[in-house]
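Chemist: Listed in order, the protein sequences are those of chains W and C.
With the UniProt record's numbering, you'll find the first sequence wraps up at 275, consecutive numbering, no jumps.
With the UniProt record's numbering, you'll find the second sequence wraps up at 327, consecutive numbering, no jumps.
This structure is in structure tokens; I'll ask about it shortly.
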Amino acid sequence: MTAPAPASAPASALRSGLSDGLAVMSRNLLKLKHQPGQIAATFAFPLVSVILFGYVFGSAIPIPGGGNYREYLMPGLFVMSTVFAVMGALTVIAKDNGLGVMDRYRSMPMARSAVPFGQTAADLIIAMGSLAIMALCGLLFGWRAHNGVGATVAGFALLLLLQYAVSWVGVFLGALAKNEETAARIGPLIMPITMISNIFVPTDGMPAILQTIADWNPVSAATAACRELFGNPGLPAGDVAWPIANPVLATVGWCVLLLVIFVPLSIRRFRLAGL
Amino acid sequence: MGTHTGDAVVVAEGLRKRFGQTQALDGLDLTVPAGMVYGVLGPNGAGKSTAVRVFTTLTRPDEGTATVAGHDVVRDAPAVRRQIGLAGQHAALDEQLTGRENLRIFGRLFHLGSKRARARADELLERFSLDHAGDRLVKTYSGGMRRRLDLISSLIISPTVLFLDEPTTGLDPRSRNEIWDTVRELVAQGTTVLLTTQYLDEADQLAQNIAVIDTGKVIASGTPDELKARIGGRIDVTVGDAAEIGEAARALAVLANAGVEPDVDADRLLLSVSVGSDSLALPDIVRQLDQAGVKAVDVGIRRPTLDEVFLTLTGKPTTTTTEEAAR
Ligand SMILES: Nc1ncnc2c1ncn2[C@@H]1O[C@H](COP(=O)(O)OP(=O)(O)O)[C@@H](O)[C@H]1O
Ligand SMILES: [Mg+2]
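Printed below as a string of structure tokens:
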């Protein structure tokens, strides 16, 4: 048998880093092929949430300034599914840690940063798909983007930026979690983060402390930004917290902050783990 | 030294590694000659995995140095990684991918390029008789198949040194034999294998050289035969009358290693003692007993099992012994 010789020193660190990242990414995308269940869940989540929140809650919640509750709700659901994507990276990375796949990677002549970059890239591609599905569901149930192509594209670009930032948080938490069981226990903590926000109800009805938390929650800024860019109802007028008054800027700021913190932390973690 | 000799491919000097209160490695010295299976034998918690993690650049030692294929594992870690294969204690595979896809991804990560990675995956699956399962998801594999695929995954680049950390722990005898055959085949092709195990028969079957480690350091090393010879053997004497037990015990104590008292089973009139390898001549034993006025019904000499070697060296039984006893 002619076995390949031991891998030679890489011609270019950048090129091999890129190709390693692509390999990790395609590994994650390949998995979807074998998981029709996961794909079905990707379809089901927006459908179920639009029906559940849109029609069940929607009948009882008044919208500031009037309007259709499902128009009010959709931007929040986009943000919610984006934030839940943290679980994707978290679970995959934690599982790889638990099974020793990470150790094998680290014993191989590959770029150690390939794992976080490849993972977040795969997450981003998957998120594009699920946002598209969600938007179709929204259109089906009467949601519309009213501000023209430019603002609509900007809205989805903002969601993808948020998704990318959140995915790095997931990578870091996954590396901390060390196994799938711990990762599964972190999951439910995300729920309150999405709940204490303006996704489902306006924040001005909340007790003062909760309202402050909700107003400064990145989820609220992102939701308000989407409402603004898509021209959906529910933008509070008058004296509101800064992130709600300047939602697009605030969301970009939050994302940059998350990236600045979690990209170096994650890469460091992958380089030094176990040493 | 063993039957094969050659340049050392793994050399460890004074390795120390501490985790909180635990001194996992406590001055480990090891020299693994090229072209053989080198067995690192030790009970649970002895420091086997930590040693393997140091050699495979996953853990940095607190003190001491190690080289693999001539490269320092700390300073020259990337060079080491291009020469080694690792199959750890778990099957480090993606369960949601097929066996073939796992191998292809690993091939790409070894920078084979996707075409060669494909070809290599097919080749390895065929050669190690996993072709029939290559297109099934790994989560449908049996434990034995996972381990085998895991082992194969570490062969993508034909490593100079292959590290196997307890490759057969938890496997049924048939799967264990399959792993053993694979390891033998690899060594026949010139790969050096460092294999850790808690199973004495595994070390005995596969390894040309063994280092016994306990609490983070090597407490004995040599070929399996050398290790057995070192603690000599056991003499079993059955006497005809309970009154003779005392005399026989005194006679045997003379033959025994200094300070070792014979084990006495008064009900079965049986005495048993371990002796050095130079006291193992039957006529001497009989003469000694005769002079003491003991009429032995039966005198037997046994070479020790590796289990007994282990017990003598570490003062505690191996997990194999306890597990086998439990079965
Ligand atoms: N990452 C770690 N953190 C804390 N303790 C560890 C760690 N790794 C190993 N140990 C401890 O070091 C000792 C040696 O462990 P290990 O090398 O895994 O032994 P073996 O593989 O021989 O069973 C054990 O007592 C174990 O609990
Ligand atoms: Mg171990």
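Where is the CB? At the ideal position from N, CA and C, for every residue including glycine.
(1) From the beta carbon of residue 7/C, is the nearest beta carbon of chain W less than 7 Å away?
(2) Below 8 Å on the Cβ atoms is my contact criterion, and I expect residue 275/C with residue 235/C to pass it. Report the Cβ-Cβ distance as a whole number of Å.
(3) Using a Cβ cut-off of 8 Å, pull out every chain W residue sitting near residue 96/C, in sequence order please.
(4) Across which residues does DSSP place residue 37/C in a beta bridge pair?
(5) For residue 174/C, decide whether its Cβ has a neighbour in chain W, counting only Cβ atoms nearer than 7 Å.
(6) Would a check of beta-carbon distances place residue 6/W closer than 7 Å to chain C?
(7) According to DSSP, is residue 200/W helix, strand or coil?
(8) Which residues in chain C have a C-beta closer than 8 Å to the C-beta of residue 17/W? List them in chain order.
(9) Identify the contact partners of residue 101/W in chain C, using a Cβ-Cβ distance below 8 Å as the criterion.
(10) Skipping 5 residues on each side, what residues in its chain have a beta carbon closer than 7 Å to that of residue 74/C?
(11) Whose CA, out of 57/C, 212/C and 127/C, lies closest to the CA of residue 76/C?
(12) Please state whether DSSP places residue 71/C in a helix, a strand or coil.
(13) Going by other Cβ atoms of all chains shown within 10 Å of its Cβ, with 16 needed for buried, is residue 19/C buried or exposed?
(14) Residue 20/W CB to nearest chain B CB: under 7 Å?
(15) Residues around ligand 1, please: the ones whose beta-carbon is closer than 5 Å to some heavy atom of it, in chain order.
(16) At what residues does the beta strand (DSSP E) containing residue 164/C begin and finish?
(17) Output, in sequence order along the chain, the residues in the segment 181-200 of chain C whose CB is closer than 8 Å to any CB in chain W.
(18) Where does residue 10/W fall in DSSP's three states?
(19) When you compare the CB positions of residue 88/C and residue 100/W, do they come within less than 7 Å of one another, or not?
(20) Just reading off the beta strand (DSSP E) that residue 18/C is part of, what are its end residues?
(21) Going along the chain, which unbroken runs of the alpha helix (DSSP H) with 4 or more residues stay wholly within the segment 166-230 of chain W?
(22) Output, in chain order, the set of chain W residues within a Cβ distance shorter than 9 Å of residue 88/C.
(23) Which residues share a DSSP beta bridge with residue 233/C?
(24) According to DSSP, is residue 5/C part of a helix, a strand, or is it coil?
(25) With respect to the beta strand (DSSP E) encompassing residue 298/C, which residues constitute its N-terminal and C-terminal limits?
(26) If the cut is a Cβ gap below 9 Å, which residues of chain W does residue 137/C touch?
(27) Against chain C, does residue 183/W count as a neighbour if the rule is that its beta carbon must be under 7 Å from one of theirs?
(28) Out of 28/C, 163/C, 38/C and 11/C, which has the shortest C-alpha to C-alpha gap to residue 208/C?
(29) Entirely within the segment 19-97 of chain W and at least 4 residues each: give me those alpha helix (DSSP H) ranges in chain order.
(30) In the DSSP assignment, find the beta strand (DSSP E) that holds residue 107/C and state where it starts and stops.
(31) How far does the beta strand (DSSP E) with residue 149/C in it reach, from first residue to last?
(32) Skipping 5 residues on each side, what residues in its chain have a beta carbon closer than 6 Å to that of residue 325/C?
(33) Which same chain residues, not among the five before or five after residue 135/C, have their C-beta less than 8 Å away from its C-beta?
(34) Would you say residue 242/W and residue 218/W are within 7 Å of each other, going by their C-beta atoms?
(35) Cutting at 8 Å between CB atoms, please list the residues of its own chain near residue 86/W, excluding the five before and the five after it.
(36) Could you pull the start and end residues of the alpha helix (DSSP H) that residue 266/W belongs to?
Modeler: Quick answer:
(1) Residue 7/C is outside the set of residues whose beta carbon lies under 7 Å from a beta carbon in chain W.
(2) 6 Å
(3) 31, 34 and 35
(4) 193/C
(5) no
(6) For residue 6/W, the predicted structure reports a pLDDT of 47, less than 50, and the residue's modelled location is therefore unreliable. The matter cannot be settled from this model.
(7) coil
(8) By Cβ distance, chain C contributes nothing, its closest Cβ being about 11 Å from residue 17/W, past 8 Å.
(9) Taking a Cβ-Cβ cut-off of 8 Å, the neighbours of residue 101/W in chain C comprise 92, 93 and 94, given in sequence order.
(10) 60
(11) Selected option, being the one with the closest Cα: 57/C.
(12) Strand.
(13) exposed
(14) Of the protein chains in this structure, namely W and C, none is chain B.
(15) Working through the chain, the matches are 19/C, 22/C, 24/C, 44/C, 45/C, 46/C, 47/C, 48/C, 49/C and 50/C.
(16) Note, residue 164/C: beta strand (DSSP E), 161-165.
(17) Of all residues in the segment 181-200 of chain C, none comes within less than 8 Å of chain W when Cβ atoms are compared.
(18) The pLDDT assigned to residue 10/W is 49, lower than 50, so where the model puts this residue is not dependable; a value taken from the coordinates is nonetheless given after this. Of the three classes helix, strand and coil, the one that applies to residue 10/W here is coil, per DSSP.
(19) yes
(20) 8-19
(21) 180-186, 190-195, 208-216 and 218-230
(22) 100, 103, 104 and 107
(23) 275/C
(24) With a pLDDT of 41 at residue 5/C, under the threshold of 50, the predicted position of this residue should be treated as unreliable, though the coordinate-derived value follows. Three-state result, residue 5/C: coil.
(25) 296-302
(26) 34
(27) Judged by the 7 Å Cβ criterion, residue 183/W is not in contact with chain C.
(28) 38/C
(29) 36-51 and 69-84
(30) Residue 107/C: not part of any beta strand (DSSP E); member of the alpha helix (DSSP H) spanning 99-109, first to last residue.
(31) Where residue 149/C is concerned, there is no enclosing beta strand (DSSP E), although the alpha helix (DSSP H) it sits in stretches over 143-153.
(32) Note that residue 325/C has pLDDT 38, beneath the 50 cutoff, so the model's placement of it is unreliable and no number is given.
(33) 98, 99 and 100
(34) Contact: no.
(35) Only 166, 167, 169, 170, 173 and 190 meet the Cβ criterion.
(36) For residue 266/W, the enclosing alpha helix (DSSP H) starts and ends at 247-272.
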